[in-house]
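Engineer: Below is a structure I'd like to ask you about.
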């Protein structure tokens, strides 16, 4: 038997929906264990910290996609645009002398939010198909621009000579990736807490409402355009921060940060992990990157084959991704007791 | 061939090729409301089938084309039955993911079967070289493309407007439930329409080996072009698809001749702009797109 949630004194006798909101806000034991496990990774796998940072960064990127795709229901094929903008912003700043990592993150966040705001207007009008095409188009446009502007971006060779200063002026990045991991984990955790607070709040509920039934959302007074516009902007900001983190931890920006493949990959990560579940992106990124690491060793083309099979099977048979499946399992185990 | 008329001619030939490949996509996107990003896979299948038939099996170029059409149409039956049908009513996101997955598998399969290099194709004597028309030296192969494109466009319009099967398609698209009540097997009608569209894609892919090239990444590289034609033209409309294909063919060719350093930038910018101006396409069926 689960204990009924404790009701704080000032909420005794409050209407049930308030108690439900309250319940959504509470951190469950599984969640706390998840973050403790991420801290433990630092001590348990000291040799794989660079790889672990990549997983966290991809997880943050997938979380940003989750905001617009999982919560708000906007299908996009060009999310890498914002990731790339963040990566290039941080990289270019570092190349031109601004080496402080946090300043780089802040600049990337601003650039991403600006780009998100700018593109939110065309993206939010029209049907799914028009959205797909416009997001795909904007992504390709940026890729092509970065490809042609070799003087600024280095073109296909990528941006070389990125040097990042120590975090907070104290901790210099080391070759084993210890500082990188701690830095990435800190940033990701802070942003996650922000996203979580936003998504369990009534604001997050209105997003789900828009996704499930736009007409009803409008009828109960949800400002649909404004909601979608600002969640899109926020998502772009998060994606840009993820891109900047990648630049800072690898000290390099490749043009593939803007590519279609990256947009497709993050989509797969999120779907495999499970949408609208906050943790889906992280779980999906871990599954995806570890599988890629193992399978791409054999041959990159065969990795593409297995990725395709994964996509087909997960759309046909897997509802809710890994996290959804685990929750389903947990609910059944609990029900049996 | 740098004269304006020459560029126009090349552009129209290219546009006809785009039309051939894209018109089937227009069916799945516009009529069946299925976001089929894997359409280029059928074009690629057609290309590889042609290369294999003319190269290894030693069948003539012209004789191979009908085989390619039938082969890719048959292939589409299998794919529709196994993969597309369960997701007709699913959210668009699922359709996107499924079809992107099909692209990835196809890329890997083509690399496994034929290797990563560009495939050569032998064009018969009758279609190589140039022929003088009104003082312009026109490539025979491009004349063939224009001829086939026009024939297919006419056949499609005639088929849709004047035949019983065309009437069934139009009825199924306009109001599925009423069509079903009248005894039309809507599922089978769509399946056949899809097969014809995929067959045409295969034909276009086969004819396009000479122009677009053929390698395992074909479906990803060309995805944007085909989507572009359909979305700009208005999904579900044959004349719209033709118009958009010709426009984009000419624009892309002109861009390659006059502004080669801009690369694909122009075509992507044109797409975003056109979509902003016409969210449901130039000649779109407003209700569906």
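Chains as they are written, first to last, in this note's numbering: chain A, 1 to 337; chain B, 1001 to 1289.
In this text, a Cβ means the ideal position worked out from N, Cα and C, and glycines have one as well.
From a predicted model like this one, the values you see are computed outputs, not experimental measurements.
Beta carbon of residue 1217 of chain B: closer than 6 Å to some heavy atom of the ligand ADP?
Structural biologist: Only the bare structure without any ligand can be found here, which leaves the ligand ADP out of the picture.
Engineer: Identify the contact partners of residue 122 of chain A in chain B, using a Cβ-Cβ distance below 7 Å as the criterion.
Structural biologist: Residue mapping note: residue 122 of chain A aligns to position 122 of the first chain, counting from 1. Those within 7 Å of residue 122 of chain A in chain B are 1276.
Engineer: Let me check understanding here. Comparing Cα to Cα, which of B:1060, B:1175 and B:1236 lies closest to residue 1126 of chain B?
Structural biologist: Walking along the second chain from the start, residue 1126 of chain B turns up at place 126. Closest by alpha carbon: B:1060.
Engineer: Alpha carbon to alpha carbon, what distance is there between residue 1242 of chain B and residue 1197 of chain B?
Structural biologist: Numbered from its first residue, the second chain carries residue 1197 of chain B at position 197. Numbered from its first residue, the second chain carries residue 1242 of chain B at position 242. So the alpha carbons of these two residues sit roughly 14 Å apart.
Engineer: My guess is that residue 1047 of chain B and residue 1206 of chain B are in contact by the Cβ rule of under 8 Å, so how many angstroms apart are they, rounded?
Structural biologist: Translated into positions along the second chain, residue 1047 of chain B becomes position 47. Translated into positions along the second chain, residue 1206 of chain B becomes position 206. Sure, about 6 Å apart at Cβ, within 8 Å.
Engineer: Using only CA atoms, which one of A:324, A:45 and A:203 lies nearest to residue 178 of chain A?
Structural biologist: Translated into the one-based positions of the first chain, residue 178 of chain A becomes position 178. Answer by Cα proximity: A:45.
Engineer: What does a CB cutoff of less than 7 Å around residue 113 of chain A pick up in its chain, not counting 5 residues either side in sequence?
Structural biologist: Walking along the first chain from the start, residue 113 of chain A turns up at place 113. Cβ within range, chain order: 233, 236 and 237.
Engineer: Helix, strand or coil: how does DSSP classify residue 1229 of chain B here?
Structural biologist: The residue given as residue 1229 of chain B occupies position 229 in the second chain. Three-state result, residue 1229 of chain B: helix.
Engineer: Between residue 192 of chain A and residue 60 of chain A, what straight-line distance do the alpha-carbon atoms span, to the nearest angstrom?
Structural biologist: The residue given as residue 192 of chain A occupies position 192 in the first chain. The residue given as residue 60 of chain A occupies position 60 in the first chain. One C-alpha to the other measures close to 8 Å.
Engineer: What three-state label does DSSP hand residue 1127 of chain B in the structure shown?
Structural biologist: Indexing the second chain from 1 puts residue 1127 of chain B at position 127. Three-state DSSP puts residue 1127 of chain B in a helix.
Engineer: Could you pull out every residue in the same chain whose Cβ sits closer than 7 Å to the Cβ of residue 1288 of chain B, ignoring the five residues on either side in sequence?
Structural biologist: The residue you call residue 1288 of chain B lines up with position 288 of the second chain. Summary for residue 1288 of chain B: the model assigns pLDDT 38, below 50, so the residue's position carries little reliability; its value from the coordinates is reported in the next sentence. For residue 1288 of chain B, where only same-chain residues beyond five positions count, the Cβ hits under 7 Å are 1030, 1033, 1235 and 1236.
Engineer: According to the Cβ coordinates, are residue 153 of chain A and residue 159 of chain A closer than 7 Å?
Structural biologist: Against the first chain, residue 153 of chain A aligns to sequence position 153. Against the first chain, residue 159 of chain A aligns to sequence position 159. Contact flag set, yes.
Engineer: Kindly indicate if chain B contains any beta-carbon less than 7 Å away from that of residue 269 of chain A.
Structural biologist: As a working mapping, residue 269 of chain A is identified with position 269 in the first chain. Chain B, which has no Cβ nearer than 7 Å to the Cβ of residue 269 of chain A, makes this no.
Engineer: Just the C-alpha distance for residue 251 of chain A and residue 53 of chain A, rounded to the nearest angstrom, thanks.
Structural biologist: Taking the first chain and counting its residues from 1, the one referred to as residue 251 of chain A is at position 251. Taking the first chain and counting its residues from 1, the one referred to as residue 53 of chain A is at position 53. For residue 251 of chain A and residue 53 of chain A, the distance between alpha carbons rounds to 13 Å.
Engineer: Mind pulling the chain A residues with CB within less than 7 Å of residue 1092 of chain B?
Structural biologist: In the second chain, counting from the first residue as 1, residue 1092 of chain B sits at position 92. In chain order: 75 and 128.
Engineer: Could you tell me whether the Cβ atoms of residue 1022 of chain B and residue 1238 of chain B are closer together than 7 Å?
Structural biologist: Reading the second chain from its first residue, position 22 is the one you call residue 1022 of chain B. Reading the second chain from its first residue, position 238 is the one you call residue 1238 of chain B. Result no, Cβ atoms of residue 1022 of chain B and residue 1238 of chain B do not sit closer than 7 Å.
Engineer: Take residue 308 of chain A as the anchor and find which of B:1195, B:1109 and B:1116 has the nearest alpha-carbon.
Structural biologist: Position 308 of the first chain, counted from the first residue, corresponds to residue 308 of chain A. Looking at the Cα atoms, B:1109 is the closest of the given residues.
Engineer: Determine which residues share a DSSP beta bridge with residue 1136 of chain B and list them.
Structural biologist: Locating residue 1136 of chain B in the second chain gives position 136, counting from the first residue. In the DSSP output, where bridge partners are listed per residue, residue 1136 of chain B has B:1133.
Engineer: Using the rule of at least 16 other Cβ atoms within 10 Å of the residue's Cβ for burial, across every protein chain shown, is residue 143 of chain A buried or exposed?
Structural biologist: Taking the first residue of the first chain as 1, we reach residue 143 of chain A at position 143. Buried: at least 16 other Cβ atoms inside 10 Å.
Engineer: Is residue 1287 of chain B close to chain A? Criterion is C-beta to C-beta, closer than 7 Å.
Structural biologist: If you number the second chain from 1, residue 1287 of chain B lands on position 287. Below a pLDDT of 50, predicted positions are generally treated as unreliable, and residue 1287 of chain B, at 42, falls in that range; the measurement from the model is reported next regardless. Judged by the 7 Å Cβ criterion, residue 1287 of chain B is not in contact with chain A.
Engineer: When Cβ atoms are compared, which residues of the region 1022-1042 of chain B fall closer than 8 Å to chain A?
Structural biologist: Hits within the stretch, in order: 1029 and 1035.
Engineer: Measuring alpha carbon to alpha carbon, tell me which residue in B:1156, B:1274, B:1070 and B:1178 is nearest residue 1042 of chain B.
Structural biologist: The residue you call residue 1042 of chain B lines up with position 42 of the second chain. Ranking B:1156, B:1274, B:1070 and B:1178 by Cα distance to residue 1042 of chain B puts B:1070 first.
Engineer: Do the region 81-97 of chain A and the region 213-223 of chain A meet, that is, are 3 or more Cβ pairs less than 8 Å apart?
Structural biologist: No, they do not touch.
Engineer: Which one of B:1093, B:1099 and B:1118 has the shortest CA to CA distance from residue 1083 of chain B?
Structural biologist: One-based indexing of the second chain puts residue 1083 of chain B at position 83. Minimum Cα distance to residue 1083 of chain B is reached at B:1099.
Engineer: Excluding the five sequence neighbours on either side, which residues of its own chain have a C-beta within less than 7 Å of the C-beta of residue 17 of chain A, listed in chain order?
Structural biologist: In the first chain, counting from the first residue as 1, residue 17 of chain A sits at position 17. So the list is empty, once near-sequence residues are dropped.
Engineer: To which residues does DSSP link residue 167 of chain A through a beta bridge?
Structural biologist: Along the first chain, one-based indexing puts residue 167 of chain A at 167. According to DSSP, residue 167 of chain A bridges with A:171.
Engineer: Beta carbon of residue 1189 of chain B, beta carbon of residue 1180 of chain B: below 7 Å?
Structural biologist: Here the question's residue 1189 of chain B lines up with position 189 in the second chain. Here the question's residue 1180 of chain B lines up with position 180 in the second chain. Against a cut-off of 7 Å, the Cβ pair of residue 1180 of chain B and residue 1189 of chain B comes out as no contact.
Engineer: Would residue 28 of chain A be called buried (16 or more neighbouring beta carbons within 10 Å of its own) or exposed?
Structural biologist: Taking the first chain and counting its residues from 1, the one referred to as residue 28 of chain A is at position 28. The residue is exposed, with fewer than 16 neighbouring Cβ atoms inside 10 Å.
Engineer: Ignoring anything shorter than 4 residues or poking outside the region 59-137 of chain A, list the alpha helix (DSSP H) runs there in chain order.
Structural biologist: As far as the region 59-137 of chain A is concerned, its whole alpha helix (DSSP H) runs of at least 4 residues are 80-95 and 101-124.
Engineer: Could you give the DSSP three-state label for residue 1 of chain A: helix, strand or coil?
Structural biologist: Residue numbering aside, residue 1 of chain A sits at position 1 when the first chain is read from its first letter. Any answer about residue 1 of chain A is weak, because its pLDDT of 45 lies below 50 and its placement is not dependable; what the coordinates show is given next. Coil, per DSSP.
Engineer: Can you tell which of B:1232, B:1259 and B:1159 has the C-alpha that lies nearest to the C-alpha of residue 1274 of chain B?
Structural biologist: Taking the first residue of the second chain as 1, we reach residue 1274 of chain B at position 274. When only C-alpha atoms are compared, the closest one is B:1232.
Engineer: Taking Cβ to Cβ, would you say residue 80 of chain A is nearer than 7 Å to residue 108 of chain A?
Structural biologist: Here the question's residue 80 of chain A lines up with position 80 in the first chain. Here the question's residue 108 of chain A lines up with position 108 in the first chain. For residue 80 of chain A and residue 108 of chain A, no; Cβs fall outside 7 Å.
Engineer: Could you list which residues in chain B have their beta carbon closer than 9 Å to that of residue 145 of chain A, in chain order?
Structural biologist: To locate residue 145 of chain A, count along the first chain from 1; it is residue 145. What residue 145 of chain A touches in chain B: 1265.
Engineer: Mind checking residue 213 of chain A: buried by the 16 CB within 10 Å criterion, or exposed?
Structural biologist: In the first chain, counting from the first residue as 1, residue 213 of chain A sits at position 213. Flag for residue 213 of chain A reads exposed.
Engineer: In whole angstroms, what is the alpha-carbon distance linking residue 1051 of chain B and residue 30 of chain A?
Structural biologist: The sequence position of residue 1051 of chain B within the second chain is 51, counting from 1. The sequence position of residue 30 of chain A within the first chain is 30, counting from 1. Between residue 1051 of chain B and residue 30 of chain A, the C-alpha separation is close to 56 Å.
Engineer: Compile a chain-ordered list of the residues in the region 207-221 of chain A whose CB is closer than 8 Å to at least one CB of chain B.
Structural biologist: So nothing in the stretch comes that close.
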